[in-house]
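Colleague: Counting in the numbering used here, the sequence shown runs from 1 upward without gaps. Just so it is clear, CB atoms sit at the ideal spot from N, CA and C, and this is done for glycine as well. Pasting in a structure now, in structure tokens, and then I'll have a few things to ask.
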Amino acid sequence: MISWSNICAPPRGCARRLVWQTIGYICANRDTRYAVRTRRQLDRHGVGIARIQTHLRRGFRKPDVREYSTINNDIDLELAARIDQIPISRYRNFSIVAHVDHGKSTLSDRLLELTGTIPVGSVGQFLDRLDVERERGITVKAQTCTMLYHYKGEDYLLHLVDTPGHVDFRAEVSRSYASCGGALLLIDASQGVQAQTVANFFLAYSLGLELIPVINKIDLDHANIPRALEQIETMFELDSDTAIPVSAKRGTNVEKILPAVVERIPAPANNIDKPLRCLLVDSWFDTYLGVILLINVVDGVLKRGDKVISGHSRKRYEVKDLGILHPDRKPMPHLSTGQVGYAVLGMKTITEALVGDTIMHIGNEVEPLPGFEEPQPMVFVGAFPAEGIEFQTLDDRINQLVLNDRSVSIQRENSNALGQGWRIGFLGTLHASVFQDRLQKEYGASLIITAPTVPYKVLWKDGSETVIRNPDDFPDPAIQKTKVQDLLEPIVKVIMSFPQEYLGDVIELCENNRGTQVDMTFLSQGNQVLLQYLVPTSHLVDDFFGKLKGLTKGYATLDYEDAGYQSAPLVKMQLLVNGNSVDALAQVMHRSLAEKRGREWVKRFKKFLRAQLFETVIQAAIGSKIVARETIAARRKDVLAKLHASDITRRQKLLRNQKEGKKNLRMIGKVTIPQEAYQGFLSKSE
Ligand SMILES: Nc1nc2c(ncn2[C@@H]2O[C@H](COP(=O)(O)OP(=O)(O)OP(=O)(O)O)[C@@H](O)[C@H]2O)c(=O)[nH]1
């Protein structure tokens with residue numbers, strides 16, 4: 001067998017030897033963390049990464065992708081032949097529609113076990129591959145798995161897509177539904193229908209998916225199966241007789257699901273004889289292979305070595321590797337119509353892989369598929385390295401993480417208070433916190449994260465429009481008077497579901513957050529209410545869900561969808577310390593909130609700022625208008641300590657000198673704001 005170690009090994013003692021070993025390690029471990037560790041070793045030996053790159057450029061042979069896959073991932077010919085025997089009429093692509101935590105991942109594991117795709121009793125939640133996903137028990141990225149299922153004497157090829165349940169990842173959900181013919185509508189028997197069940201149901205329904213109701217967690221004492229069945233009929237107009245009650249955890253009744261999938265979900269209705277069209281559904285980065293694409297072969301057949309073109313960028317590629325996810329990558333000689341699998345086209349960066357793009361054969365190009373809309377970031381935060389951490393080191397790490405999460409947008413930014421940093425855009429607050437967790441977990445980096453802001457819009461008098469992602473770019477009051485036509489803030493439609501007894505409190509919360517009621521529905525039997533409100537996005541990201549959960553003792557569930565922009569009297573509030581603006585803390589807000597927030601800000605900042613040798617004035621200001629002010633008295637040095645006798649004139653002279661000195665200090669003194677002050681001010685807890 002060929003291995004990396006016997007491909008062109010440079011002699012011992014040669015600088016290339018270390019480089020060769022490094023690449024070998026990286027390949028063998030296929031792990032970026034390993035690469036980072038190795039890089040530190042290299043630094044110790046005085047070999048920079050640039051040197052590795054130079055060596056690579058000068059012909060230091062990088063292992064060829066195909067070579068690698070034949071070494072490590074030989075095609076399972078038996079499996080390939082078995083799949084080839086299955087006609088497209090026996091393919092079923094399906095997904096699981098559910099509210100967060102209703103048991104999608106657990107049920108997926110059971111289905112994988114049932115079909116022999118993973119051994120029984122494997123590590124829990126096979127499809128949740130990211131560490132954060134396993135630890136926090138939530139699915140962030142949609143994962144796909146191909147299963148072979150033997151039913152009534154015939155083989156079926158099933159593609160299961162496990163979708164994220166959390167609202168922030170709605171884009172992932174709709175993308176996964178697009179490659180499916182049907183879905184299991186999973187409802188937790190102890191909780192009944194929740195906000196996201198409703199939102200995800202409508203999304204699946206609008207895409208024409210065939211839905212099979214499944215009631216999960218029937219093993220729980222407080223499971224209420226009749227309620228769930230009734231909700232299925234009344235809310236979704238589905239026949240409750242077709243529902244399958246299961247316990248994904250214990251495996252009860254799970255064997256009834258796949259026959260229903262085969263009988264009720266239609267096979268993909270595509271054509272193998274048409275020219276190739278593959279829909280790019282997802283992509284991720286692998287240190288060794290580069291960008292890996294998840295594709296849905298809509299028409300035609302894609303083979304290894306095929307020359308293909310991207311319908312979007314018109315860039316040309318060669319198919320270096322492809323196969324199915326079973327559940328890990330299993331190379332195959334080809335992927336044909338109706339199959340969902342991975343492909344490696346030798347793309348270097350994730351930005352080349354535009355989700356929704358169509359991959360076609362060169363010379364046989366047809367109309368590209370409609371594709372998807374890329375999700376727009378909804379929350380932006382500024383991030384700055386904490387004291388003692390180098391910008392450059394963190395920059396590499398952050399970019400590495402962004403490589404794997406294309407929904408994160410990143411830009412460099414400069415703050416006079418916190419130095420060089422980044423402005424990072426996320427799909428929602430959970431997305432932001434998951435990313436922060438990942439950063440801290442994988443690299444132990446400490447960051448100062450500023451308060452979340454949402455993208456505001458400025459309509460200029462000349463008819464143009466600017467999206468403001470950073471409060472720093474918000475126009476000053478003087479410019480507003482002369483050049484600005486209107487200021488707009490983003491709005492979301494929030495769908496909440498909770499027990500009726502909390503209705504009054506929840507309405508009050510929404511009204512206090514400048515909400516406008518859209519709809520209120522009482523769900524039968526369960527004493528649940530489904531309430532819909534239009535709420536400014538800035539309020540939603542300000543821990544709205546946390547407050548809602550607090551009010552309803554954790555019973556409320558929430559979902560939201562984009563509802564466009566509306567005109568609003570917006571102002572930028574700044575925090576000034578001795579007249580100097582602390583730019584990283586500035587925020588855009590509704591005028592009606594400014595005074596109250598201003599008073600809170602100055603009080604809060606005072607709490608975290610140490611007394612200086614001179615008087616410190618903390619102000620909250622809108623343009624030149626001061627909204628609130630706090631003063632920290634100067635720290636006083638006891639200049640009389642050494643004076644023994646009580647000579648009154650001497651005492652007065654010393655105190656006079658001190659006063660003079662302070663006056664000078666105030667003029668030249670610069671307030672040192674410790675990092676803890678920022679961290680304390682920005683932290684949520686008091
Ligand atoms: N008692 C009981 N618990 C279950 C059952 N199915 C899942 N659970 C538990 O419910 C919790 C959530 O399950 P997951 O499978 O992670 O839920 P999910 O819907 O995939 O969650 P997201 O990935 O975040 O959308 C876990 O603690 C499971 O162990 C069941 O049938 N019975």
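Do Leu734 and Leu294 have their C-beta atoms closer together than 9 Å?
Modeller: Here the chain covers residues 1 to 686 and nothing more, so residue 734 does not appear.
Colleague: Is Gly428 near ligand 1 - that is, is its Cβ less than 8 Å away from at least one heavy atom of it?
Modeller: No, ligand 1 has no heavy atom inside 8 Å of this Cβ.
Colleague: Put Asn93 into one of helix, strand or coil per three-state DSSP.
Modeller: Reduced to three states, the DSSP call for Asn93 is strand.
Colleague: Could you pull the start and end residues of the alpha helix (DSSP H) that Gln480 belongs to?
Modeller: Taken as a continuous stretch (DSSP letters only), the alpha helix (DSSP H) holding Gln480 covers Pro477 to Lys483.
Colleague: Can we count Gly416 as close to ligand 1, meaning its CB is less than 8 Å from some heavy atom?
Modeller: For the sequence presented, residue 416 should be read as Asn rather than Gly. No, since every heavy atom of ligand 1 falls outside the 8 Å radius drawn around the Cβ of Asn416.
Colleague: Tell me the DSSP secondary structure of Asp109 in three-state form.
Modeller: Helix.
Colleague: Tell me which same chain residues have a C-beta within less than 6 Å of the C-beta of Tyr555, skipping the five on either side of it?
Modeller: The residues are Phe498 and Pro499.
Colleague: Please list the terminal residues of the continuous beta strand (DSSP E) segment that includes Ser567.
Modeller: Ser567 -> beta strand (DSSP E) spans Thr557 to Ser567.
Colleague: For a test of the three-state rule: what should DSSP assign to His102, helix, strand or coil?
Modeller: DSSP places His102 in coil when its eight states are reduced to three.
Colleague: Could you tell me the alpha carbon to alpha carbon distance between Gln392 and Tyr342, rounded to whole angstroms?
Modeller: Spanning the two alpha carbons is a distance of roughly 34 Å.
Colleague: How about Asp583 and Asn416: are their beta carbons less than 9 Å apart?
Modeller: Yes, Cβ-Cβ distance for Asp583 and Asn416 is below 9 Å.
Colleague: My output table needs one value for His45: the three-state DSSP class, helix, strand or coil.
Modeller: Per-residue confidence for His45 stands at a pLDDT of 49, beneath the threshold of 50, marking its modelled position as unreliable; no derived number is given.
Colleague: Can you tell me whether Asp647 is buried or exposed? The criterion is at least 16 other CB atoms within 10 Å of its CB, across all chains shown.
Modeller: Under this definition Asp647 is an exposed residue.
Colleague: Which residue comes first and which comes last in the beta strand (DSSP E) that contains Gln411?
Modeller: First-last of the beta strand (DSSP E) with Gln411: Ser409 to Ser415.
Colleague: Is Asn657 buried or exposed, if buried means 16 or more other CB atoms sit within 10 Å of its CB?
Modeller: Label assigned to Asn657: exposed.
Colleague: Quick one: any contact between the region 97-107 and the region 190-197, if contact means 3 or more CB pairs under 8 Å?
Modeller: In short, these stretches touch, since the Cβ pair count reaches three.
Colleague: If Leu322 sits next to Ser179, beta carbons under 8 Å apart, how far is it from one beta carbon to the other, in whole angstroms?
Modeller: Actually they are not in contact, since the Cβ atoms of Leu322 and Ser179 sit about 16 Å apart, beyond 8 Å.
Colleague: Give me the Cα-Cα distance between Thr70 and Gly251, rounded to the nearest whole angstrom.
Modeller: Note that Thr70 scores 37 on pLDDT, short of 50, meaning its location in the model is unreliable; the coordinates nonetheless yield the value given after this. In a straight line, the C-alpha of Thr70 is about 37 Å away from that of Gly251.
Colleague: Apart from the five residues on each side of it in sequence, which residues of its chain come closer than 7 Å, Cβ to Cβ, to Val467?
Modeller: Excluding positions up to five away in sequence, the list reads Pro455 and Lys457.
Colleague: Taking the DSSP output, what are the residues bridged to Gln619?
Modeller: Looking at the DSSP assignment, Gln619 forms a beta bridge with Leu576 and Arg629.
Colleague: Give every residue of the same chain whose Cβ lies closer than 7 Å to the Cβ of Gln411, excluding the five residues on either side of it in the sequence, and list them in chain order.
Modeller: Same-chain partners within the cutoff: Trp422 and Arg423.
Colleague: What residues in its chain sit with their C-beta under 8 Å from that of Val518, if we drop five residues either side in the sequence?
Modeller: The residues are Lys493, Gln532, Tyr533 and Leu534.
Colleague: For the candidate residues Lys653, Ile309, Ile292 and Gln376, whose alpha-carbon lies nearest to that of Leu276?
Modeller: Cα-wise, what sits closest to Leu276 is Ile309.
Colleague: Please go through the same chain and pick out, in chain order, the residues whose beta-carbon is closer than 7 Å to the beta-carbon of Leu114, but skip the five residues on each side of it.
Modeller: Once the five neighbours on either side are set aside, the close Cβ partners of Leu114 are Val254, Glu255 and Leu258.
Colleague: Does the count of Cβ pairs from the region 617-631 and the region 596-607 closer than 8 Å reach three?
Modeller: Contact holds: three or more Cβ-Cβ distances are below 8 Å.
Colleague: Among Leu325, Arg92 and Gly550, which residue has its Cα nearest to the Cα of Tyr151?
Modeller: Cα-wise, what sits closest to Tyr151 is Arg92.
Colleague: What does the Cβ neighbour count give for Gln231, buried or exposed, with the cut at 16 atoms within 10 Å?
Modeller: Buried, by the Cβ-count rule.
Colleague: CB-CB under 6 Å to Phe202, same chain, minus the five flanking residues each way: which ones, in chain order?
Modeller: No residues qualify anywhere along the chain.
Colleague: Would Val408 pass as a contact of Gly382 if the rule is Cβ separation under 9 Å?
Modeller: No, they are not a contact pair.
Colleague: For Ile673, which option in Gly356, Lys483 and Leu576 has the closest C-alpha, if you only look at C-alpha atoms?
Modeller: Looking at the Cα atoms, Leu576 is the closest of the given residues.
Colleague: Could you give the residue range of the beta strand (DSSP E) that holds Glu210?
Modeller: Run containing Glu210: Glu210 to Asn216, per the beta strand (DSSP E) assignment.
Colleague: Looking only at DSSP bridge pairs, what is Val319 linked to?
Modeller: Val319 is not bridged to any residue.
Colleague: Please state whether DSSP places His590 in a helix, a strand or coil.
Modeller: In this structure, His590 counts as strand in the three-state DSSP scheme.
Colleague: Between Lys256 and ligand 1, is the CB less than 8 Å from at least one heavy atom?
Modeller: Not under cutoff, so the answer is no.
Colleague: Leu160: beta carbon under 8 Å from a heavy atom of ligand 1?
Modeller: Checking every heavy atom of ligand 1 against the Cβ of Leu160, none is found closer than 8 Å.
Colleague: Using only the alpha-carbon positions, how far apart do His159 and Ser176 sit?
Modeller: Rounded to whole angstroms, His159 to Ser176 spans 11 Å at the Cα level.
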